[in-house]
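Undergrad: Residue 100 is where the sequence shown starts when you use our numbering, and the numbers rise one by one after that. Think of the CB as a built atom: it goes at the ideal place given N, C-alpha and C, for glycine as much as any other residue.
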Amino acid sequence: MQAEHAKSPVVRTAFTLVELLVVIAIIAVLASMLLPSLTKAKESAMRTNCSSTMRQIDITIRAYADDYDGWVPAARWDRDGGWNPWYKFLATYAPTLYRRPDCGNNLTDAVPDCPARSRQEQGWIFTSGGGAVDQAQAYCGGYGITRYAGYSDPANVAPIVSPRRKFTQFEPNSSTIMLCDAYYFELHDTLWWYPDHSGWWNDRAAFRHLNGANLLYFDGHVDWTHRRVSTAAEWRPTS
Numbered sequence: 100m101q102a103e104h105a106k107s108p109v110v111r112t113a114f115t116l117v118e119l120l121v122v123i124a125i126i127a128v129l130a131s132m133l134l135p136s137l138t139k140a141k142e143s144a145m146r147t148n149c150s151s152t153m154r155q156i157d158i159t160i161r162a163y164a165d166d167y168d169g170w171v172p173a174a175r176w177d178r179d180g181g182w183n184p185w186y187k188f189l190a191t192y193a194p195t196l197y198r199r200p201d202c203g204n205n206l207t208d209a210v211p212d213c214p215a216r217s218r219q220e221q222g223w224i225f226t227s228g229g230g231a232v233d234q235a236q237a238y239c240g241g242y243g244i245t246r247y248a249g250y251s252d253p254a255n256v257a258p259i260v261s262p263r264r265k266f267t268q269f270e271p272n273s274s275t276i277m278l279c280d281a282y283y284f285e286l287h288d289t290l291w292w293y294p295d296h297s298g299w300w301n302d303r304a305a306f307r308h309l310n311g312a313n314l315l316y317f318d319g320h321v322d323w324t325h326r327r328v329s330t331a332a333e334w335r336p337t338s
């Protein structure tokens with residue numbers, strides 16, 4: 100008697116077209132659900148890194164103040180035709196923090212770079228004078244310090260002067276802004292946030308972090324603010 104042979108099971112070797120389309124659709128739905136969360140997580144990480152950079156800047160500013168009888172490094176203090184922005188006063192305290200490539204790819208003293216700085220900022224922006232400002236310049240692309248720390252520009256047609264000040268002149272220091280995300284190296288209360296290609300905008304605050312900006316206050320704490328117009332009281336010293 101001949102033994103009966105069991106039937107071999109049917110082995111499927113591939114998805115049908117319908118099944119493949121279903122899998123692709125499921126993946127697309129999952130990706131659309133996860134992408135905003137991943138993007139937000141990336142933005143939050145850059146915001147945290149930016150806060151860390153600001154705290155490092157604060158350490159160097161306080162080291163400078165300790166060495167110079169409590170004076171805050173001036174936003175810009177030109178003498179004898181020299182170009183002396185605040186980061187040059189601080190470069191010796193943290194050389195790696197205050198050095199990056201310039202337009203010619205040479206390392207130079209510069210404003211520390213914000214990790215969230217966009218490609219647009221790294222390109223060219225046009226000014227109301229019809230020219231352009233290269234954001235690879237040492238004074239662009241990171242952070243701006245308050246002009247009330249001290250500002251002197253004797254070469255200007257209408258010389259701008261704000262006297263140099265000490266930490267004790269910025270009270271209450273927990274609500275007075277010292278430095279923030281910015282397109283340019285210095286800021287003051289009348290030039291806060293109108294980034295606009297139609298006019299000068301390189302000295303405005305830069306809202307790089309989820310439509311907001313990080314702020315460093317005179318007491319050393321860092322906070323985030325949504326896009327808004329600041330008040331004069333947030334910048335100005337008491338004396």
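Apart from the five residues on each side of it in sequence, which residues of its chain come closer than 7 angstroms, Cβ to Cβ, to Ser261?
TA: Translated into positions along the sequence shown, residue 261 becomes position 162. Correct list, in chain order: Arg246, Tyr247, Gly249 and Tyr250.
Undergrad: For Met132, I'd like the list of residues in its chain whose CB is within less than 7 angstroms of its CB, leaving aside the five on either flank, ordered along the chain.
TA: To locate residue 132, count along the sequence shown from 1; it is residue 33. Once the five neighbours on either side are set aside, Met132 has no close Cβ partner at all.
Undergrad: Only counting the same chain, and skipping five residues up and downstream in sequence, which positions put a Cβ closer than 6 angstroms to that of Glu333?
TA: For the purposes of this step, residue 333 is identified with residue 234 of the sequence shown, where counting begins at 1. Contacts found: Ile276.
Undergrad: May I ask you to list the residues that DSSP assigns as paired with Ser251?
TA: Position 152 of the sequence shown, counting from 1, holds the residue named residue 251. Answer is Trp176 and Val260, bridged to Ser251.
Undergrad: Is it buried or exposed, Ile125, if we count other Cβ atoms within 10 angstroms and call 16 or more buried?
TA: Stepping through the sequence shown from its first residue, residue 125 is reached at position 26. Per the 10 Å Cβ criterion, exposed.
Undergrad: How far does the alpha helix (DSSP H) with Tyr186 in it reach, from first residue to last?
TA: Here the question's residue 186 lines up with position 87 in the sequence shown. Residues Trp185 to Leu189.
Undergrad: What are the partner residues of Leu206, as DSSP defines its beta bridges?
TA: As a working note, residue 206 is residue 107 in the sequence shown. Leu206 pairs with Pro200.
Undergrad: Within a Cβ cutoff of 8 angstroms, which residues of the same chain sit near Val117, ignoring the five residues on either side of it in sequence?
TA: In the sequence shown, the residue the question calls residue 117 occupies position 18. None.
Undergrad: Provide the residue(s) that pair with Leu278 in DSSP beta bridges, ordered along the chain.
TA: Along the sequence shown, one-based indexing puts residue 278 at 179. Partner(s): Ile244 and Leu315.
Undergrad: Less than 8 angstroms between C-beta atoms, sequence neighbours within five positions excluded: which residues of the same chain meet that for Gly169?
TA: Along the sequence shown, one-based indexing puts residue 169 at 70. Cβ neighbours of Gly169 beyond the five flanking positions: Lys265, Phe266 and Thr267.
Undergrad: With respect to the beta strand (DSSP E) encompassing Asp322, which residues constitute its N-terminal and C-terminal limits?
TA: In the sequence shown, the residue the question calls residue 322 occupies position 223. Start and end: Val321 to His325.
Undergrad: Mind checking who Arg304 pairs with in its DSSP beta bridge?
TA: Here the question's residue 304 lines up with position 205 in the sequence shown. The sequence shown places Ala at residue 304, not Arg. For Ala304, which the question treats as bridged, DSSP gives the partners Ala281.
Undergrad: Is the beta carbon of Ile156 closer than 8 angstroms to that of Leu278?
TA: Your numbering for residue 278 matches position 179 in the sequence shown. Your numbering for residue 156 matches position 57 in the sequence shown. Yes, the pair counts as a contact, with Cβ atoms nearer than the cut-off.
Undergrad: From the DSSP output, in three-state form, read off Leu116 for me.
TA: Numbered from its first residue, the sequence shown carries residue 116 at position 17. Helix.
Undergrad: Quick one: grab the DSSP three-state call for Leu129.
TA: As a first step, residue 129 is located in the sequence shown; it is residue number 30 there, counting from the start. Three-state DSSP puts Leu129 in a helix.
Undergrad: Closer than 8 angstroms by C-beta to Cys149: which residues in its own chain qualify, once you throw out the five before and the five after it? Chain order, please.
TA: Against the sequence shown, residue 149 aligns to sequence position 50. Excluding positions up to five away in sequence, the list reads Cys213, Pro214, Ala215, Asp280, Arg307, His308 and Asn313.
Undergrad: Do you know how far the Cα of Tyr192 is from the Cα of Pro336?
TA: Here residue 336 refers to the residue found at position 237 of the sequence shown. Here residue 192 refers to the residue found at position 93 of the sequence shown. Those two C-alpha atoms are separated by around 26 angstroms.
Undergrad: Could you round the C-beta distance between Trp185 and Phe284 to whole angstroms and report it? I think they count as a contact, below 8 angstroms.
TA: Here the question's residue 185 lines up with position 86 in the sequence shown. Here the question's residue 284 lines up with position 185 in the sequence shown. Confirmed, about 7 angstroms.
Undergrad: Apart from the five residues just before and just after Arg154, which ones in its own chain have a Cβ nearer than 7 angstroms to its Cβ?
TA: Here the question's residue 154 lines up with position 55 in the sequence shown. So the qualifying residues of the chain are Val321.
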